[in-house]
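Accompanying notes for the structure given below.
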Amino acid sequence: VPCTPARLEWMMTGTYLPASTVLGQMPPILGDCTVGNVAANAVLAGCEPCHLNTVIAATKAMLKPEVSLHGVHATTMGATPMYVDAVDTLS
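Take a look at the structure:
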């Protein structure tokens, strides 16, 4: 889904955080990863605003040093991080 200014604005309704909030440094170039960057990528992935806070939380988790995301990005093997959100569908 192309990320237009209108779609990005719509996506940002899914969080109270300002777009300029820095979540951490994104490997491998260690540039600032902002809520706006995450929201733009969520639009591209076809998410809806109700998904944004989950995507932000997953991004923050992946940026933790113990995940070693730089090593994952810099490796020559095919490692890819994956996030699984367990949803209780029985209730």
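Residues in the sequence shown are numbered consecutively from 3, following the working numbering.
Backbone N, C-alpha and C fix where the C-beta goes; we use that ideal spot for every residue, glycine too.
Discussion item. Considering only DSSP beta bridges, list what Asp-87 is partnered with.
Written reply: Note: Asp-87 sits in no beta bridge, so no partner.
Worksheet item: Can you tell which of Asn-55, Cys-49, Val-74 has the C-alpha that lies nearest to the C-alpha of Pro-20?
Response: Here the closest residue by C-alpha is Asn-55.
Worksheet item: Below 8 Å, can you find three or more Cβ-Cβ pairs linking the segment 65-85 to the segment 21-37?
Response: The segment 65-85, when compared against the segment 21-37, does touch it at the 8 Å Cβ threshold.
Worksheet item: Nearest CA to the CA of Leu-10: which residue from Ala-41, Asp-34, Ala-81, Pro-83?
Response: Of the candidates Ala-41, Asp-34, Ala-81, Pro-83, the one whose C-alpha sits nearest the C-alpha of Leu-10 is Ala-41.
Worksheet item: Would DSSP call Thr-56 helix, strand or coil?
Response: Helix.
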